[in-house]
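The structure appears below as structure tokens.
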């Protein structure tokens, strides 16, 4: 099977999930100090930026990976659905972080946020591992080997999500910072550009 339908469907889910994030950014109502109210909403802005960047970086890396594939198969489609399921959930933990990160429920909000990020990382890593090991999906064996070598750093991101989840029990804000650093980590090119 060609990857064009997989790419189109995936792009749609990524776009909708990223767009839904903005719905959590609310205009302050009935305030005497608009500047103070906006500053007081910083958790919403921080969660929005980290979540949008997470979805954006996943989309970029997903695009780069699919660019190396000659075709897709049914197991890859199912793994991709797991990735899209986890991406589509992102607005929910983002809303939790917005509402609860500065309250006594901040730990739970930060743990849920981290678990969704971990699910995304596991799903993407699964796609990556399957695509580079299944016969005939990559353009050729040399490309599959090269991509596998470049992706050897993916476990660092998984471990960082686990660390962020653990840190949530100490400081939910610090865990959000870790989740932001994970986005930066995944933003650096780990996969080579496809030669076409």
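Residue numbers (our numbering): 4 to 199. Virtual Cβ for every residue (Gly too), placed ideally from N, Cα, C. Computed from a prediction, not measured in an experiment: that's the story for all the values here.
Test item: CB-CB of residue 87 and residue 165 under 8 Å: By 1-based counting over the chain shown, the position of residue 87 is 84. By 1-based counting over the chain shown, the position of residue 165 is 162. The answer is no: Cβ separation not under 8 Å.
Candidates 64, 8, 111: closest to residue 178 by CA position: As a first step, residue 178 is located in the chain shown; it is residue number 175 there, counting from the start. Of the listed residues, the one whose Cα sits closest to residue 178 is 111.
Of the listed residues 143, 148, 158, 131, nearest to residue 79 (C-alpha basis): By one-based count along the chain shown, residue 79 stands at place 76. Nearest of 143, 148, 158, 131 to residue 79, Cα basis: 131.
Inter-residue spacing [alpha-carbon to alpha-carbon] between residue 39 and residue 53: In the chain shown, residue 39 corresponds to position 36, counting from 1. In the chain shown, residue 53 corresponds to position 50, counting from 1. Roughly 22 Å between the two C-alpha positions.
Beta carbon of residue 21 nearer than 8 Å to that of residue 60: Residue mapping note: residue 21 aligns to position 18 of the chain shown, counting from 1. Residue mapping note: residue 60 aligns to position 57 of the chain shown, counting from 1. Their beta carbons are not under 8 Å apart, which means residue 21 does not touch residue 60 by this criterion.
First through last residue of the alpha helix (DSSP H) which encompasses residue 27: Within the chain shown, the letter at position 24 stands for residue 27. Counting along the chain, residue 27 falls outside any alpha helix (DSSP H), and DSSP gives it neither H nor E.
Close-in-space but distant-in-sequence residues of the same chain around residue 62 (CB under 6 Å, 5 per side omitted): Translated into positions along the chain shown, residue 62 becomes position 59. Hits under 6 Å: 17.
Cβ pair residue 13, residue 31 closer than 8 Å: Counted from its first residue, the chain shown places residue 13 at position 10. Counted from its first residue, the chain shown places residue 31 at position 28. In this structure, residue 31 does not lie closer than 8 Å to residue 13 by Cβ.
Rounded Cβ spacing between residue 134 and residue 68 (contact assumed at less than 8 Å): Position 131 of the chain shown, counted from the first residue, corresponds to residue 134. Position 65 of the chain shown, counted from the first residue, corresponds to residue 68. Between residue 68 and residue 134 the Cβ distance is about 6 Å, and since that is below 8 Å, they are a contact.
Contact the stretch 88 to 102 vs the stretch 113 to 130: 3+ CB pairs below 8 Å: yes
Rounded C-alpha distance that separates residue 107 from residue 101: Locating residue 107 in the chain shown gives position 104, where the first residue counts as 1. Locating residue 101 in the chain shown gives position 98, where the first residue counts as 1. Answer to the nearest angstrom: the Cα atoms are 13 Å apart.
Spatially closest choice to residue 153 from 41, 186, 191, 113, by CA coordinates: On the chain shown, residue 153 is found 150 positions in, with the first residue counted as 1. Per the Cα distances, 191.
Cβ-based burial, residue 157 [other Cβ within 10 Å; buried from 16]: Residue numbering aside, residue 157 sits at position 154 when the chain shown is read from its first letter. Answer is buried; the Cβ neighbour count reaches 16.
Selected residue, minimal CA-CA separation from residue 109, among 189, 27, 26, 46: To locate residue 109, count along the chain shown from 1; it is residue 106. Out of 189, 27, 26, 46, 46 has the C-alpha closest to the C-alpha of residue 109.
Cβ neighbours of residue 121 in the same chain (closer than 6 Å, five flanking residues each side left out): One-based indexing of the chain shown puts residue 121 at position 118. Cβ within range, chain order: 164.
Contacts around residue 4, its chain only, beta-carbon distance under 7 Å, and the 5 residues preceding and following it disregarded: Locating residue 4 in the chain shown gives position 1, counting from the first residue. Closer than 7 Å at the Cβ level, and outside the excluded window around residue 4, lie 74, 75, 76.
Buried/exposed call for residue 72, threshold 16 Cβ in 10 Å: Numbered from 1 along the chain shown, position 69 holds the residue referred to as residue 72. The residue in question, residue 72, is buried, as its Cβ has 16 or more Cβ neighbours within 10 Å.
Pairwise C-alpha distance: residue 129 and residue 149: Within the chain shown, the letter at position 146 stands for residue 149. Within the chain shown, the letter at position 126 stands for residue 129. Cα to Cα, the separation comes out at about 17 Å.
Endpoints, the alpha helix (DSSP H) within which residue 102 is located: Position 99 of the chain shown, counted from the start, is the residue given in the question as residue 102. Its alpha helix (DSSP H) spans residues 94 to 103.
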